[in-house]
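Peer 1: Starting off with a structure, shown below.
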Amino acid sequence: MSSVLERLIRLRNPQFRFSSALGLGVIASFGLQQLGALARGGRVLLWGRTPRWMLRGRGVRFFNLAQIRWGRFLKLGDGVYCSALSTGGIWLGDGVSIGAFSRLIVSTTLDNPGEYIRIGNRVGIGEFAYLGGAGGLSIGDDCIIGQYFSCHPENHRFDDPTVPIRLQGVDRLPIQIGSDCWIGSKVTVLSGVTLGSGCVVAAGAVVTRSFPANSLIGGVPARLIRSRVPAEGVPSNPVQA
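Numbering (my numbering), first residue to last: 1024 to 1264.
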């Protein structure tokens, strides 16, 4: 059984191999969970959509499904909600994994729909993430992202103290995250930020401005700690994100 499951999982993750420390009971239980997720993913056929080997957790919901597109082997954890009230929709690439109880919400208003959410191939996002797309959000290929990640490509205006903030409108600027980034748990990224490819963001950081490729950043607000590409002759020390 384990060898069959291993071959199936390698269709999504070619490097996967069960640990020799796992017993047959654990592997069998895991296999049954994945079969259930595949069966739930197959239900999108009832809405005229091809699941493409979707693994769909319990309680996953979609709004405006016509504007949601996904690649092969999409994995959605329990309770994930995707709302594509937008002009550009939601696109999830091949091998994307979204952790349980996460929210992908382009916008919440019918009078001013948001832009888009685009997530590249082989991106893994931990549980309880909030991905807003009002001003546009793009995440490049091969990013790994911890739990409680949040992105907010929209800011409320508040310049006039005589007018309630909720009535002053919003400013929207896209968030762009390059490929091969490692973003720790409880990181918040705000409107207008661009992170270059290969950035590492320490846990708990609040990213309010843009950083170039291969930056190691952390703090509130986030600042540059160092580059992942050391100067000639200077060794690079490992840092825990």
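Glycine included, every Cβ here is placed at the ideal spot set by N, Cα and C. Nothing here was measured: the structure is a model prediction, and the numbers come from that model.
#1: Put Leu1247 into one of helix, strand or coil per three-state DSSP.
#2: When burial is assigned at 16 or more other CB atoms within 10 Å of the CB, is Phe1086 buried or exposed?
#3: Determine, for Ala1254, whether the minimum Cβ-Cβ distance to residues of chain E falls below 8 Å.
#4: Using a 10 Å radius around the Cβ and a threshold of 16 neighbouring Cβ atoms, would you call Phe1181 buried or exposed?
#5: Helix, strand or coil, according to DSSP, for Val1027 in the structure here?
#6: With a threshold of 6 Å on Cβ separation, who are the neighbours of Gly1028 within its own chain once the five nearest residues in sequence on each side are excluded?
#7: If you check the beta carbons only, do Ile1206 and Gly1169 fall under 8 Å apart?
#8: Take the Cβ of Ala1254 as the centre, count every other Cβ of all protein chains shown within 10 Å, and call the residue buried at 16 or more, exposed below.
#9: What span of residues does the beta strand (DSSP E) with Ile1140 cover, start to end?
#10: Would you report the Cα separation of Ile1162 and Ile1050, rounded to the nearest angstrom?
#11: For Phe1172 versus Ile1142, is the C-beta spacing smaller than 8 Å?
#12: Which word fits Pro1244, buried or exposed, when buried means at least 16 other C-beta atoms lie within 10 angstroms of its C-beta?
Peer 2: The relevant details are as follows:
#1: strand
#2: exposed
#3: Of the protein chains in this structure there is only one, and it is not chain E.
#4: exposed
#5: helix
#6: Here the sequence assigns Leu to residue 1028, which means Gly is not the residue at that position. Excluding sequence neighbours, Leu1028 sits near Gly1054.
#7: yes
#8: exposed
#9: 1140 to 1142
#10: 32 Å
#11: no
#12: exposed
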